[in-house]
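The structure appears below as C-alpha cells.
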Amino acid sequence: MAQLDKWTETLARGIARSSSRRSLLAWLGGTLTGAAVLPVLPVSRAHAAGAPGAAGEARPPITSGDPQDPGDRTQCDYWRYCAIDGFLCTCCGGSVNACPPGTEMSPITWIGTCTNPVDKRAYIISYNDCCGVSSCGHCLCNRNEGDRPPVRPQSNNDYNWCLGTESSVYNCSTAVIVGVAPDRR
Amino acid sequence: MAQLDKWTETLARGIARSSSRRSLLAWLGGTLTGAAVLPVLPVSRAHAAGAPGAAGEARPPITSGDPQDPGDRTQCDYWRYCAIDGFLCTCCGGSVNACPPGTEMSPITWIGTCTNPVDKRAYIISYNDCCGVSSCGHCLCNRNEGDRPPVRPQSNNDYNWCLGTESSVYNCSTAVIVGVAPDRR
Amino acid sequence: MRSTRLRLVLAAGLASALVAQPLCAQPYPTPLAEEPIPNVLVLPERYPASWMIVHDFNFNALVDGRGVVVDTNAPTAPLKGWVQVAQFGNILHASTRPELYSAETYFSRLARGERTDVVTIWDKATLKPKGEILLPGGKRQQSVTYKNSFQFTNGERWALVSNFTPGQSVTVVDLENRKVLGDIELPGCALIYPTGERGFTTFCADGTMTSLVLDAEGKLASSVTSTPIHDIDNQPMFGMPALVGRTAWFVTYRGQLRGFDLSGQVAKEVGSGFTLGGADGGNPEWRPGGWQVIASSAAGHLYVLMNPAGREGSHKDGGTEVWVVDPAKKARIARIPLQGVGSSIELTREARPRLVVARVDSVIDVYDAVSGTFLHSLGNRVAFNPQTLTAVE
Amino acid sequence: MRSTRLRLVLAAGLASALVAQPLCAQPYPTPLAEEPIPNVLVLPERYPASWMIVHDFNFNALVDGRGVVVDTNAPTAPLKGWVQVAQFGNILHASTRPELYSAETYFSRLARGERTDVVTIWDKATLKPKGEILLPGGKRQQSVTYKNSFQFTNGERWALVSNFTPGQSVTVVDLENRKVLGDIELPGCALIYPTGERGFTTFCADGTMTSLVLDAEGKLASSVTSTPIHDIDNQPMFGMPALVGRTAWFVTYRGQLRGFDLSGQVAKEVGSGFTLGGADGGNPEWRPGGWQVIASSAAGHLYVLMNPAGREGSHKDGGTEVWVVDPAKKARIARIPLQGVGSSIELTREARPRLVVARVDSVIDVYDAVSGTFLHSLGNRVAFNPQTLTAVE
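As given, the protein sequences belong to chains A, B, C and D, one line each in that order.
For the first sequence, the working numbering begins at 95 and goes up steadily by one.
For the second sequence, the working numbering begins at 95 and goes up steadily by one.
For the third sequence, the working numbering begins at 6 and goes up steadily by one.
For the fourth sequence, the working numbering begins at 6 and goes up steadily by one.
Right under this line is the structure:
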C-alpha cells in the first residue's frame, strides 16, 4: 500500500517534469474533459477486430431496468464501457459495478468519461479490476478511444491494474459510476 | 520411483485376489490379445461426441512416408491411436513416438493393441504421456474401446499417467510401437 | 488504508471540480447515483435448491480447473462465481457447514517445481479460502474428475481423498480440526462410496467390493470383502452412482441398473438389478453414454443419459436422450429427448426438480424433470468443460 | 532407475511372449520396427532463420502464458515446443548464447498465495529451465506484453526488467552471474530501448526521452533527458519499434514514421520523420493498427500493418494490409493485402525474408516479404493468442 503513496509522488514528479506543469487535479480535469481516459487490462485481438460491442458470445441481455441507464451490460457497446479493457464482470458472477464473489476489487484504477445516450450526461466511470481469481474467460471487451502508449500509464489500458491487491491475478473488470463530468468542451 | 515397485506389488496382489489367478505376464497377454487395452488421460467431451477421428482442428496431414504405416498422425483415426486419450504429441512439438522439447516422457503407461490396416499385424502401442509442461491444447483425441472403470486402472484411460516424472502436469500423449502382438484369438 | 485515502482524494477532487452543467429540456433531472467502491458480491451461506456446483475441468489449461457455483434457474447470469480447483482436482459441497472443499495439486512454478497437494476449505458465501490442509506424499490421485475420488464420511466431519501412485490408498482428513488422520492402503481397489456412519466401500479389480469401518482416530477398524459382484469385462459399472437415500444406483455400460444399500457398515446389493430396456432407433443399440450418466430425483426415480450409437467404447461419447426409470417398478417411465448431445446430467432438489444437462459443446440445458419439457439453456456461459454437476442438497 | 527396470521387464516379457504369427500372402514381411522409449525431442542450439518466438498470451488463462518456438516455414508442424511465460510475462531470445529468458510472476496457489517474480533461464535446445533469478519486491510490470518491457543490454550479459507498482523502475539483472544488480528509478517513464554499450533509453510522460548509461555494477552512471519530442496526445508512437541496425523506427497512431539512432549513449532522432501517406478506401482513413504493427527487413525496409477504418481508438483493431516503406527514400514502395485481419507482424531474417502475420483469429499467415505473395498459413495451430512475434537473429 505504501507503493500507492510512491505512485502519487511519481505522478506528481512526472507532472512536474511535464511542459504543461499541470497539477494533479488539473490533469484529472483535463483528461476527463478531453477524450475518454482509457484504463484497465488486456487487449484481446480475438475481439479487437470486431466493432466495439462485439463481445463474441451470444447471451441474453442484462439491463438495469432503469430507462435512464439503457443498454445490455453483457455487450461491449454498453455506454459505460467506453473505455474498458478486459472481461466484463457482468458475465463473471459480478455485475457492472461489483466484483464476483471470491475476488478482491483493485483499490486503484483508471477512469473514463462516458456519455449516457439517454440523459446525455457525461459520467465519470471507474474501471476497477477484480483480482485474485484466474481469467474469467467470458465477454472480453476492448475499446481504445483515447488510449495512449504505456509511456502515459494513466491513459494506457494495457497495464494490469490489480495493484495493491493481495494477488495481481486478473479476473474481470467493472464499470462503476463515481460522478458526473462537466459538459465536454 | 520406489512407488513403482509398490505398484508392481499392488498389481500382483490385485491379480492374486482375482478369481482368474492370472500371472502378470498372463494378464498382459490376456489383455493384449483381447480387446484393446486403453490407457492415458483425459476424456474430452468437447470431442468425445464426434466419431473417432474427429480431432477438431483442420490441419495438413502428417504421414510417415512409409506405405506400411499409413494414415494422418494429426487425426484421431490414425491406426496407432486406437486406445489413446489426450492431446496428440504430433500436434504439440513432438511426434507420434516422441515428446515435445521441454517435457519428460512418463516412464510407465498403458498399452493398447492396434491393428495396422496395411500389414494387418496387431501392434503393441505404448501411450507414454509427456509431462511437466501445461496442456498442449491441440488435437484432443479420446477413443474408449476396451476402456473399463477406474476400478481396473490398467484398463482405464481417465488416470493421469504422469507418474514417476518430476512433475505430474500433463502436456500430450504419444503412441509408440513396442512390439508385435500375436494374432487375435 | 492508504489506497482508500488516495481514492477518496481523487473522488473528492472529481466531485468538487466537475459539477454537471444543467441541460436544456433534460427529461432526467437527476443524474444516475454514484456507486460504492469497493464492491464485491457475496453469496448466501445456504445455496438455493436451483443451484449446482459445476466442475470446469478446463482441458486447455488443466492447471486452472474451477468449481463453478451456478444458478440453473438464471439463464441470463448463471455463473455466480467459482473456487479454484487446480490440476485434476475434485470439489465437494457440504450440507452441514457453509463450506466447499477442493482437493488440488499445485506446483511452485505452475507446471513444474515443488508439488503441493492440499484440501482447500472455501467459504460458501465469500468464495474465499478459509484454510487448507496439506496432504503429504505427493500422491493424490489425478484423473479426469470422479466425484467418488473425494467424499465425506463421519457426518461431513471428515473427507476421504483417493491416492494413486499407481499404488492405491485413501487419505483420511479431519475437516473440523484441519489435519490429516492417516492413510488406508487399498491395493487393487478404487473410488470411495461412503457407508455407515464412519466408513466407506470401494470396488476392487477382482470384481469384489470391500466395506471398511474407521475408528474414531480414522484408522481401519474392520473391513469386509464381498464375493465377486462386478463383471468388469462384460457389465462394467460407471464409476459414479446416483443416490436415492443411502442406496447407490449404478448403471453398467450395457444398461443394467444395480442398487447398493450403503446405510450400514457393509454395503449390500438391493435386489437383483434390472435392465433399462431397449428402444427403436439404436444403431447398433441404445446404451448409457457420457461422463456423469445417472442421476436421481428426490422421489426416487433414476435418470440415465442414453446414446443411440451404443457399442463397445461408446460409453463416454454422450447421449441424446435421458431415460427415466422407476426402480421400485423396475420399469422405464419416460424418455426425454435432448436439445444436443449431453455428457453429464444431474437433478436439482427443488420441489419440482429440474434436469440439468451439460453438453459436449460446453452448453448447459435445463429441463423440467417431471414433464421432460425443455425450459431454458445456460449457454456456454458457465464453464469451458463442464465435467461434473453436483446438486445442492 | 527402478522405472526403467520395470519398463524393460515389461518390454522383455512382451517381446518373448508375443511373437507375431506369420500371415499368408503378407506383402510386408517385416513388421514395423520397435521404437525407443523414452524419446524426447531436442531442438538445435541455433534456431534456423525461419523460426520465430511467438508469445501466446493466453487470455483465457493468463497464468498459463507461453513462449512458443515456431518454424514459420513448416505449415504442417509449425509448433516446435514452448517455454512457460506465466502471468503477464515477457520472453527474450538470445543470439549470443543458446538461451531463452522469461520474466514471469507466479503465485504459490495459482492465482493467490505467495508471489514470486523471476527471470527464468531456458536452454534453447531442450526447452528445460537451467535456472532462475528471483526478482525482489513483487513489482515486475504486468501488462499485455510489450517486448520493450524486458530487454538486453551490455552485450546480452544483462537484462532489464520493467517494474510498475504503479511506481516505475527498471531492475538490472546479470544473466551470466544469475543475480540482480539493482534498480534504476524511472518516475514518469516507461519501456526500455537499449542504447550504446551498456544503457538504455526510455520515453517519459512529459514527452521527453531519457538516455541512461549504467556503470559496470549496473548502477546509474549518467543520464541525459531530451527536450519534448513525443506528442503523446496527437502523434503518439506505438510502444514497440522496428530495428534497422541500431536505428529504432517508431510509427505513430496517425502514420508518421520516426527513426531514433540508439547506437550511442544518447538516443538521437534521425532526420525529420515522414508520413506513410494515405490511400483510397480508407473509412475514414488508413492508419496503423494492431499490437506489433511495425517490422523491418535486413535490407532496411519497414513494414507497417494498416487499418482502413482508422480513427481515434482504432490503433489496436488490427489491419488488412501491410505497407512497405523505404526510409532512405521516405517513400512507400508496396502494399501487401492480407488474407485476414492481422494484429502483429514480423519479418524473418532469411536470405529472402518472409513476412509473418498473426491474425486476430489466432491464425498465423506467412508471405514472401519481397513480392508480398501469400505463401502458406500456419493455421491456429501455434497459440491461443499470438501476441508478439520475435524473429530469430
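Think of the CB as a built atom: it goes at the ideal place given N, C-alpha and C, for glycine as much as any other residue.
Here the structure is a predicted model, which means the values were calculated and not measured.
Per the coordinates, the alpha-carbon of residue 332 of chain C lies some 48 Å from the alpha-carbon of residue 63 of chain D.
A check of alpha carbon separations from residue 151 of chain C across C:374, C:386 and C:349 identifies C:349 as the nearest.
If the five residues before and after residue 320 of chain C are omitted, its C-beta is found closer than 6 Å to the C-beta atoms of 258 and 294, all from its own chain and listed in chain order.
Partner residues in the beta bridge of residue 208 of chain D, as assigned by DSSP, are D:195 and D:214.
Under the rule that a run must span 3 or more residues, the beta strand (DSSP E) segments found entirely inside the stretch 174-206 of chain A read 179-181. In this model, residue 262 of chain A and residue 82 of chain C are separated by some 26 Å (Cα to Cα). Within the stretch 166-181 of chain B, contact with chain D at the beta-carbon level (separation under 9 Å) is assigned to 168. Taking all protein chains shown into account, residue 229 of chain D has fewer than 16 neighbouring C-beta atoms within 10 Å of its C-beta and is therefore exposed. In this structure, D:340 is the residue among D:303, D:318 and D:340 with its C-alpha nearest to the C-alpha of residue 325 of chain D.
In the structure shown, residue 263 of chain A falls within a coil segment according to DSSP collapsed to helix, strand and coil.
In this structure, D:115 is the residue among D:377, D:115 and D:396 with its C-alpha nearest to the C-alpha of residue 260 of chain A. With a contact defined as Cβ atoms closer than 8 Å, residue 176 of chain C and residue 371 of chain C miss out at about 36 Å. The C-beta of residue 397 of chain C comes no closer than 7 Å to any C-beta of chain A. The residues 162, in chain order, have a CB closer than 6 Å to that of residue 213 of chain B in the same chain once the five nearest residues on each side in sequence are set aside.
When the five nearest sequence neighbours on each side are left out, the beta carbons in the same chain lying within less than 7 Å of the beta carbon of residue 364 of chain C are those of 345, 346, 347, 348 and 370, in order along the chain.
The beta carbons of residue 272 of chain D and residue 59 of chain D sit about 29 Å from each other, so the pair does not count as a contact at 8 Å. When rounded, the separation of the alpha-carbon atoms in residue 79 of chain C and residue 101 of chain C is 25 Å.
Interface residue (Cβ-Cβ distance to chain C less than 7 Å): residue 248 of chain A is not classified as such. Burial state of residue 109 of chain C is buried, judged by a 10 Å Cβ sphere holding 16 or more other Cβ atoms. In this structure, DSSP gives residue 243 of chain D a state outside helix and strand, which the three-state scheme calls coil. In this structure, residue 158 of chain C lies away from residue 208 of chain C, with their beta-carbon atoms at least 7 Å apart. Neighbours of residue 85 of chain D in chain B, taken as residues whose beta carbon is under 9 Å from its own, are 187, 194 and 195 in chain order. Within the same chain, Cβ atoms closer than 7 Å to the Cβ of residue 130 of chain D are found at 47, 48, 49, 50 and 103, the five residues on either side in sequence being excluded.
The C-alpha of residue 385 of chain C lies about 11 Å from the C-alpha of residue 185 of chain A. Residue 156 of chain A sits buried, since 16 or more C-beta atoms from the chains shown fall within 10 Å of its C-beta. In the assembly as shown, residue 217 of chain D is a buried residue. Its beta-carbon has 16 or more other beta-carbons within 10 Å. The Cβ-Cβ distance between residue 139 of chain D and residue 123 of chain D falls below 7 Å. C-alpha of residue 343 of chain D to C-alpha of residue 398 of chain C: approximately 56 Å in a straight line. At a C-beta separation below 9 Å, residue 69 of chain C has these neighbours in chain D: 65, 66, 68, 69, 115 and 116. In this chain, the beta strand (DSSP E) harbouring residue 364 of chain D covers 359-364.
When C-beta distances to chain A are compared with 9 Å, the residues of the stretch 194-213 of chain D below that value are 194, 195, 196, 207, 208, 209, 210, 211, 212 and 213, in chain order. Between the stretch 221-237 of chain D and the stretch 275-289 of chain D, the count of Cβ pairs shorter than 8 Å is below three; the stretches do not touch. If you check the CB distance, residue 192 of chain B and residue 44 of chain D come in under 7 Å. Not a single C-beta of chain B is nearer than 7 Å to the C-beta of residue 89 of chain C. Non-local C-beta neighbours of residue 241 of chain D in its own chain, meaning closer than 7 Å and more than five positions away in sequence, comprise 257 and 258, ordered along the chain. For the 7 Å CB-CB criterion, residue 91 of chain C and residue 118 of chain C do not form a contact.
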